[in-house]
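Undergrad: Mind having a look at this structure? Questions to follow.
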Amino acid sequence: MRNVYFNHDGSVDDLVSLLLLLQMPDVHLTGVGVIGADAYLEPAVSASRKVIDRFSHGATLNVAASNSRGVHPFPKEWRMDAFSLDALPILNESGTINTPIASKPAHLDLIDKVQATAGKTTLVMTGPLTDLARALETDPSIADKIDRLYWMGGTLDNRGNVAEPEQDGTVEWNAYWDPQAVKTVWDSPLTIQMVGLESTHQVPLTPAVRQHWATLRQHPALDFIGQGYALVPPLEHFETNSTYFLWDVLTTVASDTPSLVTTKTVTTDVLTTGPGQGRTFEVADGRPITLVTTVDHDGFFRRIDELAQLAD
Numbered sequence: 021m022r023n024v025y026f027n028h029d030g031s032v033d034d035l036v037s038l039l040l041l042l043q044m045p046d047v048h049l050t051g052v053g054v055i056g057a058d059a060y061l062e063p064a065v066s067a068s069r070k071v072i073d074r075f076s077h078g079a080t081l082n083v084a085a086s087n088s089r090g091v092h093p094f095p096k097e098w099r100m101d102a103f104s105l106d107a108l109p110i111l112n113e114s115g116t117i118n119t120p121i122a123s124k125p126a127h128l129d130l131i132d133k134v135q136a137t138a139g140k141t142t143l144v145m146t147g148p149l150t151d152l153a154r155a156l157e158t159d160p161s162i163a164d165k166i167d168r169l170y171w172m173g174g175t176l177d178n179r180g181n182v183a184e185p186e187q188d189g190t191v192e193w194n195a196y197w198d199p200q201a202v203k204t205v206w207d208s209p210l211t212i213q214m215v216g217l218e219s220t221h222q223v224p225l226t227p228a229v230r231q232h233w234a235t236l237r238q239h240p241a242l243d244f245i246g247q248g249y250a251l252v253p254p255l256e257h258f259e260t261n262s263t264y265f266l267w268d269v270l271t272t273v274a275s276d277t278p279s280l281v282t283t284k285t286v287t288t289d290v291l292t293t294g295p296g297q298g299r300t301f302e303v304a305d306g307r308p309i310t311l312v313t314t315v316d317h318d319g320f321f322r323r324i325d326e327l328a329q330l331a332d
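Residue 91 in the working numbering sits at position 71 of the sequence shown, with consecutive numbering throughout.
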């Protein structure tokens, strides 16, 4: 049984990742932190609590709300989805929320959960790295109790998904939100597996994927997945900077089923200043990370179905 702490930023992909983590037979989910990056914090925390209530098989958890703030906020339009997710009927049938909010902010909750858990903890992070960076600065000894970090963020092909003034188009949003936090984590001794934009482009949200989930909506978790992704645009005619790929779900599933991805070791660094701040890039004398390069597309989607159906 693997100990896993999950820190996410509240969008559709994040909540689907939480649902799938709750179904993984060999995962002991020790804690959940929510950071207000790609979603507004209050509805993201509320929706996370409701997902745990609905799909956790009775596991006892709490949800820690982050008080971290980003250097470059996500677009407001993207962050609004959390309100709709929190209002989905499948999460609100009972009319009550039982999963409590943790007493400490997410970066301190992370420290407490890692230190209190027997053995090492795997971190799965699908938003910015700010809470982890703050945790490492507060208590560097937690690095000794972290098995590895699986992070959705960055890109090494210089093709980012940030279309904002005063940046150069090479940066991924989770890294751009707080470039210094990425650098802090990169300078730590943690073992890192990075799922960058280049590999997530192999698992786009297409009309065919939506239709597949629609045919399986008799399973509550797949109904939730289909309804959640109905809020976001598909890749249909051409890619835009709001096109949805299964960024976070790929990271989460790869942390549990590594056979679905191919990886390589690369040496990298992080830029923290100028129009490319947040850029992750290869450099000969950089720190080694494991980069996901290719994905078994069909196997990946089959694994989503298998895990989701365990929620029945």
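Cβ coordinates follow ideal geometry from the N, Cα and C atoms, glycine included.
Would you give the residue range spanned by the beta strand (DSSP E) that ALA85 belongs to?
TA: 83-85
Undergrad: Under 8 Å, with one C-beta from each stretch per pair, do the region 134-153 and the region 176-186 reach the 3-pair mark?
TA: no
Undergrad: Can you tell me the Cα-Cα spacing of SER208 and GLY147, whole angstroms?
TA: 18 Å
Undergrad: Measure the C-alpha to C-alpha separation of THR175 and VAL191 and round it to an integer number of angstroms.
TA: 7 Å
Undergrad: Does DSSP put HIS239 in a helix, in a strand, or in coil?
TA: Reduced to three states, the DSSP call for HIS239 is coil.
Undergrad: Between the beta-carbon of SER37 and the beta-carbon of LEU251, is there less than 8 Å?
TA: no
Undergrad: For the alpha helix (DSSP H) containing GLY319, list its first residue and its last residue.
TA: Element bounds for GLY319: 317-329.
Undergrad: If you measure between the beta carbons of ARG275 and VAL144, is that distance less than 8 Å?
TA: Before going further, note that residue 275 is Ser rather than Arg in the sequence given. Yes, the pair counts as a contact, with Cβ atoms nearer than the cut-off.
Undergrad: Given this structure, state the Cα-to-Cα distance separating LEU225 from THR314, to the nearest angstrom.
TA: 17 Å
Undergrad: Give the secondary structure of ILE245 by DSSP, where H, G and I count as helix, E and B as strand, and everything else as coil.
TA: helix
Undergrad: Beta carbon of PHE103: closer than 7 Å to some heavy atom of the ligand FAD?
TA: Of ligands this structure carries none, so the ligand FAD is not represented either.
Undergrad: Counting only the same chain and skipping the five closest in sequence on each side, list residues whose C-beta sits under 6 Å from that of VAL215.
TA: MET172, LEU270, THR271, VAL312
Undergrad: Locate the beta strand (DSSP E) running through LYS284, then write down its first and last residues.
TA: 281-290
Undergrad: Any idea if ARG322 is buried or exposed, counting beta-carbon neighbours within 10 angstroms, 16 or more meaning buried?
TA: exposed
Undergrad: Can you tell me which residues form a DSSP beta bridge with PRO224?
TA: PHE265
Undergrad: Secondary structure at GLU62, three-state DSSP: helix, strand or coil?
TA: helix
Undergrad: Is PRO160 buried or exposed, if buried means 16 or more other CB atoms sit within 10 Å of its CB?
TA: PRO160 is exposed by the Cβ-count criterion.
Undergrad: From what residue to what residue does the alpha helix (DSSP H) around HIS77 run?
TA: First-last for HIS77: undefined, no H or E at that position.
Undergrad: Inspect the CB distances between the region 58-65 and the region 289-309 and report whether three or more fall short of 8 Å.
TA: No, because fewer than three Cβ pairs between the region 58-65 and the region 289-309 fall closer than 8 Å, the two stretches do not touch.
Undergrad: For THR116, which residues does DSSP report across the bridge?
TA: None, per the DSSP bridge assignment.
Undergrad: Under the three-state reduction of DSSP, which class applies to ASN23: helix, strand or coil?
TA: In the three-state reduction of the DSSP assignment, ASN23 falls in the strand class, which pools E and B.
Undergrad: Per DSSP, which one or two residues make a beta bridge with GLY51?
TA: DSSP lists TYR25 as partners of GLY51.
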